[in-house]
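Read top to bottom, the protein sequences are chains Y and H.
Okay, so the first sequence: first residue is 11 according to our numbering, each after it adds one.
Okay, so the second sequence: first residue is 11 according to our numbering, each after it adds one.
The beta carbon of each residue, even a glycine, is placed where N, CA and C say it ideally should be.
Every value quoted in this text rests on a predicted model; they were computed, and no experiment measured them.
Right, one structure below, let's go through it.
There are 2 protein chains.
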Amino acid sequence: MATLADIKKDFAQWYQDVIYHAQLADHSPVRGSFIIRPYGCALWEQIQRRLDQRIKETGHQNALFPLFIPESFIKKEAQHVEGFAPELAIVTHAGGKELEEPLVVRPTSETIIHYMFAKWIHSWRDLPLKINQWANVVRWEMRPRAFLRTTEFFWQEGHTAHATLQEASDEVQMMLAEYVDLAHNWLAIPVITGLKSETEKFPGAVQTYTFETLMQDGKALQMGTSHLLSQSFAHAFDMKFQDQQGTMAYPYLTSWGTTTRLVGALVMVHGDQKGLILPPKIAPIQVVIIPIFTKQTNADELLQAANAIYVQLQNIGIRSYIDSDTHQTPGAKFYNWELKGVPVRIEIGMRDLQAQVCIIADRLGNPKQTIPLNQIVTVIPSHLMHIQTMMFQRAQERLHAMWYKAQKLAEFGPLLDTQPGLYQTGWCQDIACEEQLKVYKASTRCLVQEKTQSHCFYCEKPSKQDVLIARSY
Amino acid sequence: MATLADIKKDFAQWYQDVIYHAQLADHSPVRGSFIIRPYGCALWEQIQRRLDQRIKETGHQNALFPLFIPESFIKKEAQHVEGFAPELAIVTHAGGKELEEPLVVRPTSETIIHYMFAKWIHSWRDLPLKINQWANVVRWEMRPRAFLRTTEFFWQEGHTAHATLQEASDEVQMMLAEYVDLAHNWLAIPVITGLKSETEKFPGAVQTYTFETLMQDGKALQMGTSHLLSQSFAHAFDMKFQDQQGTMAYPYLTSWGTTTRLVGALVMVHGDQKGLILPPKIAPIQVVIIPIFTKQTNADELLQAANAIYVQLQNIGIRSYIDSDTHQTPGAKFYNWELKGVPVRIEIGMRDLQAQVCIIADRLGNPKQTIPLNQIVTVIPSHLMHIQTMMFQRAQERLHAMWYKAQKLAEFGPLLDTQPGLYQTGWCQDIACEEQLKVYKASTRCLVQEKTQSHCFYCEKPSKQDVLIARSY
C-alpha cells in the first residue's frame with residue numbers, strides 16, 4: 011500500500027502523494043502539463059455539471075471559440091498583453107510552413123471573443139450578450155503543481171456585454187454569487203470574497219472580484235474571479251451599438267472564470283492523513299458497497315445482496331459502486347476507498363445478510379452504524395447530507411481559526427512562518443506599502459468592506475478599508 | 011430576412027448559408043478555425059450527452075491528456091508520422107524562450123496516451139484499459155468548410171488496450187455499433203459501414219472501420235472511424251504486461267472517434283430549402299411555442315397560456331422555447347424557427363385560447379392540426395417520435411435512391427458528374443486500380459461483405475469483394 015507523507019509536517023509532499031495515489035492526476039512527458047486521470051476527470055465533470063446548469067439557468071449560452079489567437083489581437087489591449095506576454099505559447103509553423111503571423115495558444119479568450127462580439131452587436135436589441143465557453147487554456151508555468159499551477163488547464167470563461175454599467179456590475183456580482191454558492195453548498199468550501207487590489211487585478215479589468223480560501227497549511231488559493239472589464243476592450247475592438255436613443259455607444263463588458271484548480275482546493279481543504287475526503291454532493295462515488303468475502307462465504311449470494319443495495323441507491327439518484335474484487339482483503343479495500351475519499355462505505359457480510367442488516371461507516375470517522383437493509387433508502391441520503399454539512403462546518407472552523415486581526419506588518423509578517431493564515435489589517439491602498447509584503451512572501455488577497463483597523467499596516471497613514479493578506483498558491 | 015442559395019443548384023453555397031443564417035457557426039479571424047455559436051454548440055452538446063452516456067455504459071472512463079505532444083513522440087510510429095506530418099501545428103516558443111524540443115498541437119492522441127498506458131499497464135489485471143477523451147484537435151486545413159473540414163475540431167477519441175486480439179476486435183466492433191446506433195436512432199442518419207482500404211485506413215492501424223453516409227448532393231461524408239491498431243504502437247512505446255502465465259506480452263490496442271462533423275452531416279442530410287431540419291431526439295429546441303399577438307390581443311393572457319404549455323412539456327422532459335418577442339410578426343418567427351430546424355411549432359392566438367385549443371405545425375410540412383390544450387402531453391411526444399421515424403425513412407430512401415450497382419469504372423466514372431452517388435462494384439483490392447479513381451475525383455469509401463460483381467472495376471481481374479465508391483467531403 012501507498013504511504014502518504016505526513017500532512018502536518020510536509021503538506022506539499024502530502025498533496026502530491028494524494029494526487030498520485032488516489033489517481034486524480036499523473037505527470038506527463040510535457041513539462042507543466044498533467045494527465046487528469048479518470049477519477050480526477052469524474053470529479054471535474056461533477057463540478058462542471060453543476061456549474062454548467064447554473065450558467066445556463068442564469069441566462070448564458072455556451073459557445074466554442076478558436077484555440078489559436080492571432081498575435082496581433084493579444085497586443086490590442088495594452089495592459090492585457092503586458093500581463094500575459096511572458097506566459098504565452100506560440101505556434102510559428104503549421105501545415106509544413108512558417109506562418110506569416112504567429113498564433114498564440116489562448117491564455118484566455120477576451121480578445122478573440124470581443125472581436126466576434128463586435129461583429130455580432132449592432133443594436134441595443136443584441137444586448138445583453140451572455141456567452142460562456144468550456145475550454146483548455148495555456149499559460150507557461152515555471153513551477154508546476156498538479157491542478158494548482160499547470161501550463162494547460164481547463165476552465166469555463168464567461169464573457170458578457172451590456173448596455174449599461176449597472177447591468178454589467180450586476181452580472182459581475184451575480185456570477186461571483188454563483189461561485190460562492192458552488193463553493194459553499196457543493197464543494198463544502200467556505201470562501202472569502204472581495205475586490206483585488208490594483209496590482210492583483212486582471213490585466214485590462216477595472217475591477218476584479220475574487221473568491222478564495224485558505225488551505226490547511228494556511229496558504230490562500232484563488233479559486234476564481236469575476237471581472238468588470240474596462241471599456242478599453244470595446245474600444246480596442248471597435249465594439250459599438252446603437253442605443254435606444256439612436257446614439258452609438260460602447261457596451262460594458264464582464265468576464266468570469268473558474269478552473270480545474272477547484273479539484274486541488276477540494277484536496278487541500280478537506281483531505282486528511284488517509285487521503286481525500288470528498289463532499290457527497292460532488293463525489294463521483296458517494297457510496298462504496300463492499301461485500302465481505304470469507305472462505306465460508308457464498309459469494310454469489312453476497313453479490314446479489316450488494317447489487318440489491320446498489321439498485322435501491324441508484325433509484326434514488328445516489329452514485330454508488332460495488333467493489334466485488336475477490337483478490338483484495340476487506341482491509342485493503344477500506345484503505346483504498348478512504349484514500350479516494352468516498353464519503354460512505356456500506357459493508358455487508360454473510361452474518362449481516364442473514365440478519366438483514368448492513369454496516370455503515372463514513373469517511374469522517376463517525377461511529378459505525380448497523381442498519382436494517384430495508385432502511386437504506388432513508389438512512390443513506392440523510393447521512394450524506396449530514397456529512398456534507400459537517401464538512402462545511404469543519405472547513406469553516408479551520409478558516410476562522412487561521413484568520414487573524416493584525417495591525418503592523420513588522421509584527422505579523424514574521425508570524426507568517428510560524429502561524430500561517432489570513433491576516434486582516436488596515437491599508438492606505440498605496441502600492442508602495444503592498445510592495446513591502448514581498449519581504450514576507452505574502453500578498454494582498456482582497457479588500458473587505460469592514461474597517462476594523464484605523465491605520466495602514468506599513469506606512470501607518472489612515473486606512474481606507476481592511477485588506478486580507480496571506481501567502482498563497 | 012436571409013435568403014438561402016438554391017439547394018438543388020448550389021448545394022455548397024446553400025450549406026454555407028444555412029450554417030451562417032441559422033447561427034450554427036461563424037468565420038473566425040484564424041484561417042481554418044470557426045466559431046461554434048450557441049445554437050451549434052447546443053446541438054453538439056446534445057450529441058455529446060448521448061454518446062458520453064453510452065461510452066460510459068460500455069465500460070469506458072473519461073480522462074484528459076495534454077494538448078501538446080513532444081515532436082519526437084509523433085515520430086515514434088513510422089506510418090503515423092508520415093500520415094500526420096503535413097497537417098501539424100507546431101509550438102516553437104513558449105514562456106519567452108525558444109523551446110529545446112518543439113511541441114506539436116495534438117492532431118490525435120495515440121502517441122501520448124500510449125506513452126501513459128505503458129506507465130500504467132503492468133499485469134493482465136490492468137487490462138482491459140478503456141479510456142475516452144473529449145478534446146479539441148488541430149490538423150492544418152487548406153480548404154476549410156464549417157464543421158466538415160476545420161483546422162481545429164472537437165471530438166471524442168477512445169483508446170483501449172486488451173490482453174487478446176479477440177477482445178480488441180470485439181471492442182472495435184462494439185464501438186462501431188455504438189456509432190451506428192447514434193446515427194440511426196438519434197441523428198436519423200442511415201449509414202454504411204465497412205473496412206477502409208489499405209490506402210484509406212488510419213496511419214498506423216491494421217484495420218479501420220468507417221461509418222459514413224451520402225449527403226443530398228450525392229457526396230459521401232466519413233462521420234467517424236473505429237480502428238484496430240497494430241501492435242506497432244505498443245512496440246514503439248514499450249508497452250508490455252505480464253499475462254496470466256507470467257509471460258511478458260504486448261497488449262492489443264484500439265482507437266475510435268467521432269467529431270463535430272456530425273453537425274455538418276445533420277445539416278447536409280436533412281436540410282431543405284427553408285434551412286435546417288433537426289431530428290427531435292437531438293434538437294436543442296424540440297418545440298417552439300409562438301403566441302400570436304395582434305392589436306386586439308391580451309398579451310399577458312396569451313403569454314400565460316404559452317407558459318402553461320411550456321411547463322407541461324418541461325414536466326415530461328420535452329425541450330421547448332417560447333418566442334415572446336413583440337417586435338417580429340408571426341410570419342417572421344415561423345421563418346426563423348423553420349430556418350433553425352425546430353421539429354414542432356405550437357401556435358396559440360386569442361381565439362384558440364378561448365376555444366382551449368392550439369395549432370400544431372411541423373417542420374416536415376405535415377398538415378397542421380388543431381388540438382385541445384389538455385391533449386398536449388399526449389399528442390406532442392408521439393408527434394415528435396413520428397417525425398423522428400419519418401426523417402430516418404426519408405433519409406434512407408434518399409440513400410438507396412443514390413446507391414448504384416456498377417461494373418466498370420469507364421462506365422460509372424463519368425456518371426459521377428451527372429448522377430453523383432454511391433457506386434457498388436467489384437475490386438481486386440490492388441492499389442493500382444484504386445489509384446484510377448482519382449481521374450474521376452472519387453475514392454473507395456469502404457469494402458462491403460457482399461459480392462455482387464465478379465470482376466474488378468478497373469483491371470477486370472476477379473473481385474475479392476464489393477467496394478463502395480463515391481466522391482466525398
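Same chain, Cβ closer than 8 Å to residue i, neighbours up to 5 away in sequence not counted
{"i": "S334/H", "result": "P301, L313 and A316"}
{"i": "V458/Y", "result": "I202, G204, Q434, Q475, D476, V477 and L478"}
{"i": "F78/Y", "result": "V101, L113, V114, V115 and R116"}
{"i": "H132/Y", "result": "F251 and Q252"}
{"i": "Q417/Y", "result": "T435, G436, Q463, H465 and F467"}
{"i": "P382/H", "result": "Q366 and V367"}
{"i": "K18/Y", "result": "none"}
Beta carbon of residue i nearer than 8 Å to that of residue j
{"i": "C438/H", "j": "K474/H", "result": "yes"}
{"i": "P391/H", "j": "I319/H", "result": "no"}
{"i": "E311/Y", "j": "L363/Y", "result": "yes"}
{"i": "V216/H", "j": "L238/H", "result": "yes"}
{"i": "A156/H", "j": "I57/H", "result": "no"}
{"i": "L224/H", "j": "G431/H", "result": "yes"}
{"i": "P213/Y", "j": "F344/Y", "result": "no"}
{"i": "A73/H", "j": "P48/Y", "result": "yes"}
For residue i: DSSP bridge partner residues
{"i": "H172/H", "result": "Y262/H"}
{"i": "R60/H", "result": "Per DSSP, none; premise fails for R60/H."}
{"i": "C469/H", "result": "None; C469/H has no bridge partner."}
{"i": "K107/Y", "result": "A104/Y"}
{"i": "S482/H", "result": "A230/H"}
{"i": "D36/H", "result": "I45/H"}
{"i": "G285/Y", "result": "D282/Y"}
{"i": "K415/H", "result": "Q434/H"}
{"i": "R539/Y", "result": "The question about residue 539/Y has no answer here: the residues shown for chain Y are numbered 11 through 483."}
{"i": "D476/H", "result": "G436/H"}
{"i": "F422/H", "result": "Answer is none; F422/H lacks a bridge partner."}
Neighbourhood of residue i by C-beta, 6 Å cutoff - its chain only, sequence neighbours within 5 removed
{"i": "D175/H", "result": "Correcting the residue type first, residue 175/H is Leu in the shown sequence and not Asp. Y262, listed in sequence order."}
{"i": "Q23/H", "result": "A15"}
{"i": "K284/Y", "result": "E348"}
{"i": "A52/H", "result": "P294"}
{"i": "Q379/Y", "result": "I370"}
Option nearest residue i by Cα separation, candidates the options
{"i": "N142/H", "options": "F422/Y, A318/Y, I287/Y and I46/Y", "result": "I46/Y"}
{"i": "K86/H", "options": "A246/H, P382/H and A22/H", "result": "A246/H"}
{"i": "E421/H", "options": "C466/H, P377/H and A405/H", "result": "C466/H"}
{"i": "Q183/H", "options": "D227/H, F127/H, W144/H and S265/H", "result": "S265/H"}
{"i": "K305/Y", "options": "Y49/Y, P340/Y, M395/Y and P289/Y", "result": "P340/Y"}
{"i": "L192/Y", "options": "K140/Y, L139/Y and T268/Y", "result": "T268/Y"}
{"i": "S43/Y", "options": "W150/Y, A32/Y and E92/Y", "result": "W150/Y"}
{"i": "H70/H", "options": "Y25/H, V40/H, E167/H and K129/H", "result": "E167/H"}
{"i": "P96/H", "options": "E120/H, V148/H and K66/H", "result": "V148/H"}
Neighbourhood of residue i by C-beta distance below 7 Å, restricted to the same chain and skipping five residues each side
{"i": "Y450/Y", "result": "G423 and L426"}
{"i": "Y444/Y", "result": "One point to set straight first is that residue 444/Y is Glu, not Tyr, in the sequence displayed. Result list for E444/Y: S207, T209 and T454, in chain order."}
N-terminal and C-terminal residue of the beta strand (DSSP E) that residue i is part of
{"i": "F247/Y", "result": "Where F247/Y is concerned, there is no enclosing beta strand (DSSP E), given that its DSSP letter is neither H nor E."}
{"i": "V279/H", "result": "Segment R271 to H280 is the alpha helix (DSSP H) holding V279/H; no beta strand (DSSP E) there."}
{"i": "H237/Y", "result": "A230 to L239"}
{"i": "F402/H", "result": "First-last for F402/H: I386 to A411, but that is the alpha helix (DSSP H), not the beta strand (DSSP E)."}
{"i": "E357/H", "result": "V354 to I358"}
{"i": "G93/H", "result": "Looking at the DSSP string, G93/H is not in any beta strand (DSSP E); the run it does join, the alpha helix (DSSP H), is A88 to F94."}
{"i": "W144/H", "result": "L139 to V148"}
{"i": "S464/H", "result": "Looking at the DSSP string, S464/H is not in any beta strand (DSSP E), and its letter there is neither H nor E."}
{"i": "G256/H", "result": "Segment: none, G256/H is in no beta strand (DSSP E) and carries neither H nor E."}
{"i": "P301/Y", "result": "V297 to P301"}
{"i": "P213/H", "result": "Run containing P213/H: none; DSSP gives neither H nor E here."}
N- and C-terminal bounds of the alpha helix (DSSP H) containing residue i
{"i": "A315/Y", "result": "A309 to N325"}
{"i": "T454/H", "result": "It is not in any alpha helix (DSSP H) - T454/H instead sits in the beta strand (DSSP E) that spans S453 to L457."}
{"i": "F21/Y", "result": "F21 to H31"}
{"i": "A371/Y", "result": "Element bounds for A371/Y: not the alpha helix (DSSP H) but the beta strand (DSSP E), V367 to D372."}
{"i": "S82/H", "result": "E81 to I84"}
Minimum Cβ-Cβ distance from residue i to chain C less than 8 Å
{"i": "F164/H", "result": "The question asks about chain C, but that chain is absent: this structure's protein chains are Y and H."}
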